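Inspection log for the structure reproduced underneath, given as structure tokens.
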Amino acid sequence: GDSAFLDRVREARRGALALARHQQATAALLDQLPVCVLVATLWGEVETVNDAMRRFLRAAGIDDATRVPLHRLLRRLTGADDAAVHEALRQLVVDRAHLRLTGRLEPAAGPPSTYELTLSRVGRGDTPDVRDAGPVSRLLLTIAESIDVAVDRVDWRWSLANDAARAIDVRAVLEETVRQLRRGDAPPRRPVIVEMPDTVPAVAGDGAALADRLVALLRETLAQGPADESARIQIDDADDAVEIRVIEPAAVLPARELAAIERGDGPRAFVEGSLGARIAELVHVVATSDGRVTVTSDMSDGTQVRIRLPKRRS
């Protein structure tokens, strides 16, 4: 009896040592990544924070993320209330593979930058048992780009449907879109013409996220077509909404991508960085503000993306 018991103890010890070595090797590997990574259990206990994420969180005023439950960490980073954060996490555990948020980093010098943050459920099974926070599933928080830690402050904005009430200055969004297109090492070789009335009513939504998605979409389309053919952005003031039209005569969507957009397929259904993926990302941002995107695309007229956003109520 004693021998069998000691054998079980030794086996358990070997398993624990192997697991510890595996976790140590995983943590060392994560620390080498330029991507910010945080791993938590389904209960929200933060287990692993890589070096890039630690630097970013310190810039956000969070010195020891492993002692802060995930829901509280998200609340501090986004400014959302407890109910919104808990609902987002509940959706993630029950029926979503991932959630996307956008954050705006404002460095002490230079223009602000907006980054995308993704909270994913990873592990075996599509719908994990929330009672099992063991090796079956984990929550993975990532930021897609490395972060410059020389910041003055970090201001995250929640971009889920429960925060659709923010006001967007459409003129400012389009001006920022054009500025971002002209910045960088490789500005587009084709012009963008913006046509809008002198006054445009405010609409609801996240202006920074909308500008980023418009920039990504236009960078993709402006790489195509002759240099003397311009893309156009037009604004119409409708009764209860403002419509932004992106008219790109030089870009045509494949029929299968157009059908996927009409079905509401997400960005993962498309080749990364493709025109279809860019439009699907835009659809996601607009949908969080109760807006709507419609797309037409053919050889004669190119591609037109119509973004309809509800007017901001006083």
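With this note's numbering applied, the sequence shown covers 1 to 314.
Even glycine gets a Cβ: it sits at the ideal position worked out from N, Cα and C.
Small disclaimer: the values here were computed from a predicted structure and weren't measured.
{"Check": "Rounded straight-line distance, which links the Cα of S289 to that of W43", "Outcome": "30 angstroms"}
{"Check": "Whole-angstrom distance between L92 and H98, CA atom to CA atom", "Outcome": "6 angstroms"}
{"Check": "Residue from A250, R308, A172 and E257 with nearest C-alpha to D239", "Outcome": "R308"}
{"Check": "At least three beta-carbon pairs within less than 8 angstroms, the segment 295-311 to the segment 243-254", "Outcome": "yes"}
{"Check": "Three-way DSSP call (helix, strand, coil) for I261 in this model", "Outcome": "helix"}
{"Check": "Nearest residue (CA-CA) to V192, options A227, V170, A209 and A202", "Outcome": "A227"}
{"Check": "Environment of A231 [buried if 16+ CB atoms lie within 10 Å]", "Outcome": "buried"}
{"Check": "The segment 270-288 in contact with the segment 209-227 per 3-pair CB rule at 8 angstroms", "Outcome": "yes"}
{"Check": "Alpha-carbon spacing of V170 relative to L73, whole angstroms", "Outcome": "31 angstroms"}
{"Check": "Near the ligand ZN: A88 beta-carbon under 7 angstroms from a heavy atom", "Outcome": "Within the structure as shown, the ligand ZN is missing, as the structure has no ligands at all."}
{"Check": "Simplified DSSP assignment, three categories, for T41", "Outcome": "coil"}
{"Check": "Buried/exposed call for G291, threshold 16 Cβ in 10 Å", "Outcome": "buried"}
{"Check": "Option nearest L258 by Cα separation, candidates A241, V283 and D237", "Outcome": "V283"}
{"Check": "Assumed close pair L38, T48 - CB separation to whole angstroms, cut-off 8 angstroms", "Outcome": "7 angstroms"}
{"Check": "Boundaries of the alpha helix (DSSP H) in which I279 is found, first to last residue", "Outcome": "L275 to A287"}
{"Check": "Test item: CB-CB of V293 and V242 under 8 angstroms", "Outcome": "no"}
{"Check": "Ranges of the alpha helix (DSSP H) found wholly within the segment 157-238, counting only runs of at least 4", "Outcome": "170-182 and 207-222"}
{"Check": "Nearest-angstrom beta carbon gap, V194 and I168 [assumed within contact, 8 angstroms]", "Outcome": "Between V194 and I168 the Cβ distance is about 16 angstroms, and since that is not below 8 angstroms, they are no contact."}
{"Check": "Limits of the unbroken beta strand (DSSP E) element including R90", "Outcome": "Looking at the DSSP string, R90 is not in any beta strand (DSSP E); the run it does join, the alpha helix (DSSP H), is D82 to V94."}
{"Check": "Nearest residue (CA-CA) to T41, options I143, R100 and V122", "Outcome": "V122"}
{"Check": "DSSP three-state assignment for A65, whether helix, strand or coil", "Outcome": "helix"}
{"Check": "Rounded C-alpha distance that separates M53 from R90", "Outcome": "24 angstroms"}
{"Check": "Cα-Cα separation between D31 and T118, rounded to whole angstroms", "Outcome": "18 angstroms"}
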